[in-house]
Amino acid sequence: MSCADPSLQKAVHTLYEDHHAWLCGWLRRKLGCAEHAADLAQDTFMRVLTLRKAAELQQPRAYLSSIARSLMIDMFRRRAVEQAYLETLAARPEPVEVSPEARLLIIETLLEIDRLLDGLGSRTREIFLMAQLDGLSYVEIARRLDVSLTTVKKHAVRALTHCLMLAEA
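Put into structure tokens, the structure is as follows:
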């Protein structure tokens with residue numbers, strides 16, 4: 229179905245008319261902010277439009293709340309990454325001036341890294357970050373985590389394989 233498909237347009241229009249107010253209310257209760265709720269509701273319907281499944285929905289509210297919940301998680305994750313970045317800048321001894329464009333690029337890059345690492349287990353992610361960001365050797369990581377060197381190597385290989393597979397996708 230193309231975006232110009234009249235049946236898709238009618239299905240999205242009906243879905244929007246029937247459930248937009250409900251979704252905004254649901255999001256407002258979750259977020260405590262009408263403006264953020266309206267933004268996420270709009271993003272939810274944009275996602276529905278791009279997925280082109282509006283005509284075949286059996287449980288529209290469950291579908292909409294699932295998409296909205298995913299978007300909410302993305303929003304919270306973005307805020308957490310941005311806050312951590314700002315706290316890191318504030319903790320530096322000398323002030324750092326970063327242009328709004330550079331700041332946006334840095335935050336987008338951090339979010340992409342977070343997304344890539346999200347598929348790793350917590351131990352694998354911890355070992356990967358200790359090696360890549362802290363520059364620790366596998367022996368030092370094993371000592372700090374009180375695990376065998378073989379375990380550290382296994383997790384490091386798993387993390388690198390995961391990143392390579394995602395980079396090729």
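Quick note: the sequence shown, position 100, residue 328 per our numbering, numbers continuous. Just so it is clear, CB atoms sit at the ideal spot from N, CA and C, and this is done for glycine as well.
(message) Just to confirm the assignment, what range does the alpha helix (DSSP H) spanning E340 have?
(response) P328 to D346
(request) Classify C261 as helix, strand or coil using the three-state DSSP reduction. (result) coil
(request) Decide if the stretch 262 to 272 is in contact with the stretch 299 to 317; the criterion is three or more beta carbon pairs, one per stretch, under 8 Å apart. (result) yes
(request) Within 10 angstroms of the Cβ of I272, are there 16 or more other Cβ atoms? Answer buried if so, exposed if not. (result) Checking the sequence, you will find Thr at residue 272 rather than Ile. Buried.
(message) Please identify the residue among V380, Q360 and L388 whose C-alpha is closest to the C-alpha of Y366.
(response) V380
(request) Note down the Cα distance separating A370 from V240, rounded to an integer number of angstroms. (result) 54 Å
(request) Name the two residues that bound the continuous alpha helix (DSSP H) containing D302. (result) P288 to A319
(request) Pair every Cβ in the stretch 376 to 391 with every Cβ in the stretch 350 to 360, then say whether three or more of these pairs are closer than 8 Å. (result) yes
(message) L348 and H390 - do their beta-carbons sit closer together than 8 Å?
(response) yes
(message) Out of I334, Y291, L388 and M393, which one is the CA nearest neighbour of H247?
(response) Y291
(request) Mark S327 as exposed unless 16 or more other C-beta atoms lie within 10 angstroms of its C-beta, in which case mark it buried. (result) exposed
(request) Please go through the same chain and pick out, in chain order, the residues whose beta-carbon is closer than 8 Å to the beta-carbon of R256, but skip the five residues on each side of it. (result) A262 and A265
(message) Let's test the definition: count the other Cβ atoms within 10 Å of the Cβ of A308 and tell me whether it reaches 16, buried, or not, exposed.
(response) exposed
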